[in-house]
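According to the numbering used here, the residues represented by the sequence shown are 167 to 271, in order.
Below is one structure, written out as structure tokens; comments come after it.
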Amino acid sequence: QAPDGVRLGNTAGTIAPLVDTRAWGGYVVAPGSVLPCGGYEAVGGAVPLPVPAWLLSILRPAPKPVQAPTVAVAGQSRRYADVALTNEARNVATAADGTRNATLL
Numbered sequence: 167q168a169p170d171g172v173r174l175g176n177t178a179g180t181i182a183p184l185v186d187t188r189a190w191g192g193y194v195v196a197p198g199s200v201l202p203c204g205g206y207e208a209v210g211g212a213v214p215l216p217v218p219a220w221l222l223s224i225l226r227p228a229p230k231p232v233q234a235p236t237v238a239v240a241g242q243s244r245r246y247a248d249v250a251l252t253n254e255a256r257n258v259a260t261a262a263d264g265t266r267n268a269t270l271l
């Protein structure tokens, strides 16, 4: 069990071959799951143990790199956007019937 406030993701073979983990957004069939043919039930009263520190360090997502801010040059960005919009509008206007949505992609 992950510590409170820690949001771990899922892994599929990244820790070791054939080792997958499931956490936030993952799907596990376990006690409490209900299926058309019945459900799963815990036996023996086991409780989830805390994730060991060594495993937690592997499972924590890597920090996202800091991205340097970009600076737009006055006038150039606006001109680029105007030309891009004009070109896309022309592409859609001249697209064959039934292909306009695909043209936008």
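Backbone N, C-alpha and C define an ideal beta-carbon position, used for all residues, glycine too.
This one's a predicted model, so the numbers in the text were calculated from it and none came from an experiment.
Nearest-angstrom Cα separation, counted from residue j out to residue i
i	j	result
E254	V185	46 Å
V200	A228	35 Å
R245	T236	17 Å
G210	L222	26 Å
G179	G171	25 Å
K230	G175	14 Å
Simplified DSSP assignment, three categories, for residue i
i	result
D186	strand
V249	helix
A219	helix
V237	coil
L271	coil
Top-ranked residue by Cα proximity to residue i, from the options
i	options	result
R173	V209, R266 and A189	A189
A168	D248, T180 and A219	A219
Integer Cβ distance of residue i from residue j, believed to fall under 8 Å
i	j	result
P197	E207	6 Å
V232	L225	In fact, because the Cβ distance is near 23 Å, the residues do not count as touching under 8 Å.
N257	T265	About 10 Å; that fails the 8 Å criterion.
DSSP bridge partner residues for residue i (one or two, in chain order)
i	result
V200	G205
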